[in-house]
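The next block holds one structure in the form of structure tokens; read it before the comments.
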Amino acid sequence: MPLLFDAHCFNILFDSFKFYNEKYKAKLLAYALMNNHVHFIIFFEHDKHLINYLRDFKKFTSLKPREYIQIQQAEQLQHVEYEHRT
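Under UniProt numbering, think of the first position of the sequence shown as 1, with each following residue one higher.
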């Protein structure tokens, strides 16, 4: 399912970047959007908050798209497969 090509999910992702970049005083230097994940490079001008940034960013950006899909695209959930890593 090409989740990040959905305009609403894309906006959730970039709103998260804006919010957490401001909160942790970080700069988004580069990003690459794949259909189901994202790679990005951030820079912290002063304090290094990478662990906190990633924790908060991942938590928010995993919940909001899931809520949207459950409401707007429930039929898509039938086709989602989860990978189990050990």
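Backbone N, C-alpha and C define an ideal beta-carbon position, used for all residues, glycine too.
Give the DSSP bridge partners of residue i, in chain order.
| i | result |
| --- | --- |
| residue 41 | 30 |
Under three-state DSSP, which class holds residue i?
| i | result |
| --- | --- |
| residue 6 | coil |
| residue 24 | coil |
| residue 15 | helix |
| residue 56 | helix |
Given residue i, which residues of its chain have a CB within under 7 Å of its CB, disregarding the five upstream and five downstream residues?
| i | result |
| --- | --- |
| residue 16 | 57, 60 and 61 |
With burial defined as no fewer than 16 other Cβ atoms inside 10 Å of the residue's Cβ, what is the status of residue i: buried or exposed?
| i | result |
| --- | --- |
| residue 63 | exposed |
| residue 31 | exposed |
| residue 71 | exposed |
| residue 87 | Absent from the model: residue 87. The displayed extent of the chain is 1 to 86, so no value can be given. |
Leaving aside the five residues before and after residue i along the sequence, list all residues of the same chain whose C-beta is less than 8 Å from its C-beta, in chain order.
| i | result |
| --- | --- |
| residue 45 | 25, 26 and 27 |
Is the number of C-beta pairs between the stretch 20-28 and the stretch 49-61 that are closer than 8 Å three or more? yes
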